[in-house]
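To start, the structure under review is shown below, and the notes come after it.
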Amino acid sequence: MIWGKPMSGKSYLAGLFPAPLFLNTDSNAKANKYPFISLKNEYGKDGKITKDITDQLDEIITALTTEKHDYQTVIVDVIDDVVALIEEAVCNESGVKALSDIPYGKGYATEKTALQRFVTRLRTMPLNVIYVSREITMTDADGSNPVPQPSLPEKWQNIVNGNSDLVIRTRKIGERYLQQVTEQRKHYKQSRIESERVLKILKYIDYNFAKEEK
Numbered sequence: 001m002i003w004g005k006p007m008s009g010k011s012y013l014a015g016l017f018p019a020p021l022f023l024n025t026d027s028n029a030k031a032n033k034y035p036f037i038s039l040k041n042e043y044g045k046d047g048k049i050t051k052d053i054t055d056q057l058d059e060i061i062t063a064l065t066t067e068k069h070d071y072q073t074v075i076v077d078v079i080d081d082v083v084a085l086i087e088e089a090v091c092n093e094s095g096v097k098a099l100s101d102i103p104y105g106k107g108y109a110t111e112k113t114a115l116q117r118f119v120t121r122l123r124t125m126p127l128n129v130i131y132v133s134r135e136i137t138m139t140d141a142d143g144s145n146p147v148p149q150p151s152l153p154e155k156w157q158n159i160v161n162g163n164s165d166l167v168i169r170t171r172k173i174g175e176r177y178l179q180q181v182t183e184q185r186k187h188y189k190q191s192r193i194e195s196e197r198v199l200k201i202l203k204y205i206d207y208n209f210a211k212e213e214k
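So for the sequence shown, full-length UniProt numbering puts the first residue at 1; every next one is plus one.
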């Protein structure tokens, strides 16, 4: 996962990965040079969703799995909005304004299941998968001790980051763009990176490779 403030280079860094396809919820999709699909809930004239985000995601993943293509990387930009779209779809289907209005916690369970299904299906594909999240700053009750973190709520981070080898924060300080690995599930050896493009990116972000065995 890549996270950071707006204009900190999140999408730029993601786009460096081989042959990317952006699954985009943000308004900046047309600003980059890469192929993209806009993710959304489609509404009818009656205000009901006619095609929801989960249907669209299933169609996209099925196409990537069964049809011939040249993509090597799928980028979900931004995952925060995908969660919001899933919640919107669940509420619309049940005719409520909030998940809490659905009895017995079924709304929350449906939302969680939909996100887990999406993440799991992406994980099983032979492609690089990158999730992009925005940045927020959390503080103590008195406003002290500011701590930056992904804006994706922690309960969803556990699902996404549990399937992410690296979590990278992007920052822009003056004219400089900086990248920092904030979490890692695997510690890679340079010799085990098969893709020259991915190896170049890891060197670009100053990744601390595992020591090679002599």
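A virtual CB, placed ideally from N, CA and C, is assigned to each residue, including glycine.
Being a predicted model, the structure only gives us computed values, none of them experimental.
Which term fits Val147, buried or exposed, when burial requires 16 or more other beta carbons within 10 angstroms of its beta carbon? Only exposed fits Val147, as fewer than 16 other CB atoms lie within 10 angstroms of its CB.
Thinking Val132 and Ser8 are a contact (beta carbons under 8 Å), I'd like their distance in whole angstroms, please. The Cβ separation is near 11 Å, so there is no contact.
Can you confirm whether the segment 153 to 162 touches the segment 101 to 120 when touching is taken to mean that 3 or more C-beta pairs between the two stretches lie within less than 8 Å? Output reads yes: the segment 153 to 162 touches the segment 101 to 120.
Spatial distance of Val83 from Tyr177 (CA atoms): Between Val83 and Tyr177, the C-alpha separation is close to 28 Å.
Residue interval of the beta strand (DSSP E) (run including Ile49): Here the beta strand (DSSP E) through Ile49 covers Ile49 to Lys51.
Simplified DSSP state of Val96, which is helix, strand or coil: DSSP places Val96 in coil when its eight states are reduced to three.
Taking all protein chains shown into account, do 16 or more other C-beta atoms lie within 10 angstroms of the C-beta of Gly105, making it buried, or fewer, making it exposed? With fewer than 16 Cβ atoms within 10 Å of its Cβ, Gly105 is classed as exposed.
Ignoring anything shorter than 4 residues or poking outside the segment 120 to 192, list the alpha helix (DSSP H) runs there in chain order. Counting only runs of 4 or more, we get 154 to 161.
Quick one: Cα of residue 216 to Cα of Thr25, how far? Coverage of the chain is limited to positions 1 through 214, which leaves residue 216 absent and any answer about it impossible.
Exposed or buried, which one is Asp77 when buried takes at least 16 other CB atoms within 10 Å? Burial state of Asp77 is buried, judged by a 10 Å Cβ sphere holding 16 or more other Cβ atoms.
Determine the direct distance from the alpha carbon of His69 to that of Ala63, and round the result to whole angstroms. The straight-line gap separating the alpha-carbon atoms of Ala63 and His69 is approximately 9 Å.
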